[in-house]
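Chemist: Numbering (our numbering), first residue to last: 19 to 271. Glycine included, every Cβ here is placed at the ideal spot set by N, Cα and C. Before I ask anything, let me first share the structure, which is written out below as structure tokens.
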Amino acid sequence: MTRTRSLNSPATIIAVLLVAAAFVTLISLGNWQLRRLAWKEDLIARVAERMQSAPLDLTAGRMADIDGAAFLAANEYRPLKLRGRFVDDATVRVFTALSDPKGQLQGPGYWVFTPLVTETGPAIFVNRGFVPFERLDDVPPAPGGITTLSGVLRAPETGNFVTPEPDLKNRVWHSRNPVAIAAALSLQGDTMPFFIDADASHTPAGGIPQAGETRTMFVNSHLHYAITWYGLALALAGVCAVYVFKRQNGATA
């Protein structure tokens with residue numbers, strides 16, 4: 019005699035609800051990765067276009083009249099030129115691990131981060147380049163006098179809950195956040211909420227710090243992740259279908 023097992027028991031209903039919630043969650047994660055994919059592809063295209071655009075010449079403009087946030091949103095990763103005077107005694111180091119360098123040096127080390135006070139307004143921090151740990155003593159002072167700087171506009175790094183606190187005594191930071199660094203140093207005057215990656219032409223004759231290391235390669239694995247989440251959802255649905263089939267037809271009395 020063959021009998022059909024009931025699918026209406028409380029335990030079965032709870033199991034179905036849990037599986038349904040898991041299925042919806044997996045599909046939602048896949049959809050989120052597709053949105054991230056669209057965002058990443060737009061970012062890559064925008065950065066490539068801006069990096070190839072003509073430099074913004076800010077040498078004669080009034081930096082004090084610029085809306086920092088709006089300017090950054092419209093011009094991040096765009097080359098530019100400006101003039102000012104480095105404040106060398108406000109230099110800090112920002113920990114990094116440079117891989118796939120454009121220059122000869124790589125590995126663990128620091129970005130050399132120095133504010134440049136513009137002729138017509140606020141200070142702008144400049145990433146003067148990379149220095150490995152073992153060559154820290156070889157870093158020369160920032161150029162004196164009025165400097166014409168060429169580089170790439172970058173957004174600040176705000177860090178997250180796992181970012182270590184800065185070592186204020188030794189002026190070592192773990193994110194390039196100009197406003198926070200300026201406040202910690204009690205830097206006089208306003209500081210722009212972005213920084214400049216100096217281009218390779220600003221690498222000193224001794225090769226330290228190694229400028230021109232703007233990173234424009236972005237990991238883009240979102241499609242792979244989306245396929246993974248959708249695949250897990252499909253596998254879950256398949257397992258459930260097999261289970262229901264067996265419950266309905268596989269029992270004999």
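So the candidates are PHE41, ILE32 and GLY127; which of them puts its Cα closest to the Cα of LEU252?
Modeler: Of the candidates PHE41, ILE32 and GLY127, the one whose C-alpha sits nearest the C-alpha of LEU252 is PHE41.
Chemist: To the nearest whole angstrom, what separates the beta carbons of VAL105 and PRO133, a pair I think is in contact under 8 Å?
Modeler: VAL105 to PRO133, Cβ: 5 Å. Contact.
Chemist: Any chance the region 241-257 sits against the region 173-181, with 3 or more Cβ pairs inside 8 Å?
Modeler: Taking 8 Å as the limit for Cβ pairs, the verdict is that the region 173-181 does not touch the region 241-257.
Chemist: Using 8 Å as the Cβ pair cut-off and three pairs as the minimum, do the region 108-125 and the region 85-99 touch?
Modeler: Result no; under three Cβ-Cβ pairs closer than 8 Å.
Chemist: Which of the three DSSP states, helix, strand or coil, is assigned to ALA141?
Modeler: In the structure shown, ALA141 sits in a strand (DSSP, three-state: E or B).
Chemist: Decide if the region 142-158 is in contact with the region 211-226; the criterion is three or more beta carbon pairs, one per stretch, under 8 Å apart.
Modeler: Yes, the region 142-158 touches the region 211-226.
Chemist: Do VAL168 and PRO73 have their CB atoms nearer than 8 Å?
Modeler: Note that residue 168 is Ser in the sequence shown, not Val. Contact: yes.
Chemist: Measuring alpha carbon to alpha carbon, tell me which of ARG265, LYS120, ARG64 and ASN238 ends up nearest THR232.
Modeler: Here the closest residue by C-alpha is LYS120.
Chemist: Among ILE84, ALA255, ARG189 and ILE31, which one has its Cα closest to the Cα of TYR128?
Modeler: Considering only alpha carbons, the answer is ARG189.
Chemist: Whole angstroms are fine: how far does the CA of ILE164 sit from the CA of ALA78?
Modeler: Near 13 Å, if we compare the C-alpha coordinates of ILE164 and ALA78.
Chemist: Let's test the definition: count the other Cβ atoms within 10 Å of the Cβ of THR20 and tell me whether it reaches 16, buried, or not, exposed.
Modeler: Note that THR20 has pLDDT 49, beneath the 50 cutoff, so the model's placement of it is unreliable and no number is given.
Chemist: Answer yes or no: does any C-beta atom of chain D fall closer than 8 Å to that of SER168?
Modeler: Absence of chain D from the displayed structure is noted, only one protein chain being present.
Chemist: What separation, rounded to the nearest whole angstrom, lies between the Cα atoms of ASP185 and PHE113?
Modeler: Going from the Cα of ASP185 to the Cα of PHE113 covers about 11 Å.
Chemist: Can you tell me whether ASP215 is buried or exposed? The criterion is at least 16 other CB atoms within 10 Å of its CB, across all chains shown.
Modeler: Flag for ASP215 reads buried.
Chemist: With a threshold of 6 Å on Cβ separation, who are the neighbours of PHE143 within its own chain once the five nearest residues in sequence on each side are excluded?
Modeler: Around PHE143: PHE131, PRO133, PRO196 and PHE213.
Chemist: Quick one, are the C-beta atoms of LEU171 and ASN49 less than 8 Å apart?
Modeler: Cβ distance not < 8 Å, so LEU171 and ASN49 don't count as in contact.
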